[in-house]
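First the structure, in the form of structure tokens, and then the observations on it.
Numbering (the numbering used here), first residue to last: 29 to 694.
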């Protein structure tokens with residue numbers, strides 16, 4: 029509820045601001061001061077209204093906007109606003125216009141878009157058709173709405189608007205693209221409560237006037253609203269009775285047709301042994317004449333399924349199964365009969381509901397008649413109250429005029445007294461001029477003292493700046509010396525590090541040369557053994573060739589083959605051993621190289637860290653010492669400056685006392 033109230037207040041404030049924007053350019057064109065005074069008084073009154081009367085404030089502002097646009101001043105703005113809350117707003121009777129008619133605000137399209145975009149809290153009503161079926165033109169709040177717009181509104185659905193009842197509708201040119209909607213508020217049944225409100229918004233038609241027509245009062249130029257209400261209520265009751273009679277007749281005819289059709293089907297099923305049903309013939313029969321789409325679709329589905337079953341059975345089965353087919357057809361017809369009964373009951377319920385709705389509409393119309401009668405009585409009472417307020421206002425104006433006359437006499441007496449006081453004031457001015465000359469002399473002395481003080485301060489500032497420059501130069505010189513010393517140390521450490529690296533590299537080269545010599549020695553040994561083995565094999569072959577006896581040499585050949593196989597095996601084993609030894613030596617050499625490199629990197633890192641830590645500690649110590657010295661110097665200078673300032677203040681105080689004493693003596 030709090031959020032809803034906040035939204036309503038925001039919409040009312042937005043309407044108020046937009047109306048003020050519309051009024052602003054028109055006020056600049058008004059030249060009559062009398063009109064401007066009353067407009068200003070009423071605008072100030074409306075801008076200071078509390079949150080409880082924002083809706084009433086906007087009504088007053090709409091009427092004021094019309095009058096400002098037309099450059100006219102009419103009731104209630106011809107009188108000054110009363111102190112206190114606003115009275116209920118009553119629209120005055122204008123010349124050559126319908127009574128209580130609010131003329132459209134002449135605004136531009138951009139200003140109308142603001143109202144179209146303004147947020148409104150909308151709640152969808154459940155009985156939308158009942159609200160829109162009501163004849164709005166028959167009530168006392170007449171609205172010029174065509175049948176086409178009512179149909180569009182009933183299709184889109186009505187809405188109950190819980191926003192403020194103020195609606196601003198522009199001229200026909202500006203509101204071609206606006207929307208027409210109905211706002212309906214529920215009212216209590218007794219006649220003493222507030223009247224029911226109706227607003228028009230929605231897509232405008234060219235046939236519809238773009239003005240908001242307010243409730244009319246009784247007048248001899250207009251017909252009696254009670255007679256029109258009774259006529260419209262009688263017409264609506266007659267229409268509703270005709271609709272109920274038509275629907276009851278449709279039900280009776282539907283029942284008769286369904287009974288006839290069921291009897292005809294039973295006869296045809298008993299007479300025909302083979303039951304074959306055509307879907308095309310069935311679709312044209314009275315089963316599809318119902319208005320309910322859902323029930324007809326269900327019945328058509330059941331009838332088609334039963335027909336397809338009967339066709340299959342009749343095509344397959346012989347004539348002996350005719351009785352079973354008849355029984356199946358009877359069951360299908362019974363089901364259809366049950367469905368028809370259900371449809372009849374549903375239509376009866378719908379008729380009952382429609383009758384209840386019509387009764388409710390009749391009650392609503394009767395309540396509206398009562399409410400409109402009470403509204404007429406309220407308007408008459410408001411007129412009487414306004415007349416009485418006019419009389420009271422005239423009496424108040426007379427009293428104000430008498431009071432102003434008395435005040436005029438008192439002001440004349442005071443004027444004579446003031447003239448006598450003017451002479452005394454002239455004498456006082458002469459005395460003050462003499463005092464002013466003395467005061468100027470004192471100010472001149474003060475200025476001289478202040479100038480001397482400023483010169484002394486400037487001298488101190490220059491001295492302080494010079495001292496700071498010397499300190500900075502000294503600090504920079506010390507830093508440069510430290511940097512040069514650190515650079516020399518770094519160069520020395522680099523030389524030592526390079527020497528160590530060269531020594532380690534020489535040692536690595538020597539170890540590599542020794543290992544290469546060992547590898548070459550092993551390779552020469554292998555070559556010598558291979559050469560020896562070849563020579564032995566050649567000697568054995570020559571000996572075998574020298575022997576001529578084949579029978580005696582077979583054993584020797586076999587023995588020699590065994591020897592050759594053994595020699596080859598020994599050669600391969602020796603080769604494998606030497607290869608393994610060579611691989612081991614290579615691995616050892618690579619591992620030693622890696623270990624040496626790691627040692628070198630660790631030594632390098634340790635040297636760098638030690639050097640950097642030493643340099644950082646030395647720099648930090650120097651910076652700390654310099655900061656302490658600088659702080660001490662600043663404190664000493666600050667204390668000196670404070671002492672000098674105190675001395676200057678004492679001098680100024682003594683000089684002031686001297687000036688005051690000299691002025692007193694003069």
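Where is the CB? At the ideal position from N, CA and C, for every residue including glycine.
Note that this is a predicted model, so its numbers are computed, not measured.
Assigned secondary structure, residue i (DSSP; H/G/I helix, E/B strand, else coil)
i, result
"residue 408", "helix"
"residue 81", "helix"
"residue 502", "helix"
"residue 418", "helix"
"residue 629", "helix"
"residue 459", "helix"
"residue 518", "helix"
"residue 108", "coil"
"residue 76", "coil"
"residue 655", "helix"
"residue 168", "Because the pLDDT of residue 168 is 38, which lies under 50, any placement of that residue in the model is unreliable, and the question is left without a value."
"residue 497", "helix"
"residue 606", "helix"
"residue 525", "helix"
"residue 100", "coil"
"residue 117", "coil"
"residue 302", "With a pLDDT of only 43 at residue 302, under the threshold of 50, the placement of this residue in the model should not be trusted; the figure read from the coordinates follows. In this structure, residue 302 counts as coil in the three-state DSSP scheme."
Burial state of residue i (16 or more Cβ within 10 Å)
i, result
"residue 375", "buried"
"residue 32", "exposed"
"residue 479", "exposed"
"residue 389", "buried"
"residue 423", "exposed"
"residue 257", "A caution first: residue 257 carries a pLDDT of 49, below 50, which makes its placement in the model too unreliable to give a value."
"residue 357", "buried"
"residue 364", "buried"
"residue 88", "buried"
"residue 371", "buried"
"residue 85", "buried"
"residue 518", "exposed"
"residue 426", "exposed"
"residue 82", "buried"
"residue 47", "buried"
"residue 58", "exposed"
"residue 39", "buried"
"residue 487", "exposed"
"residue 668", "exposed"
"residue 446", "exposed"
Own chain, CB closer than 7 Å to residue i, minus 5 neighbours either side, in chain order
i, result
"residue 536", "621, 624"
"residue 498", "none"
"residue 105", "66, 70, 92, 95"
"residue 532", "624, 628"
"residue 101", "63, 66, 95"
"residue 561", "595, 599"
Contacts around residue i, its chain only, beta-carbon distance under 6 Å, and the 5 residues preceding and following it disregarded
i, result
"residue 469", "none"
"residue 107", "421"
"residue 459", "none"
"residue 352", "none"
Beta-carbon proximity list for residue i, same chain, < 8 Å, skipping 5 on both sides
i, result
"residue 565", "592, 595"
"residue 634", "none"
"residue 507", "650"
"residue 55", "64, 67, 96"
"residue 413", "115"
"residue 653", "none"
Secondary structure, beta strand (DSSP E): runs of 3+ residues fully inside the segment 540–570: Listed in chain order, nothing qualifies, since the segment 540–570 has no complete beta strand (DSSP E) run of 3 or more residues.
Segments of 4+ residues assigned as alpha helix (DSSP H) that fall wholly inside the segment 29–74: 30–55
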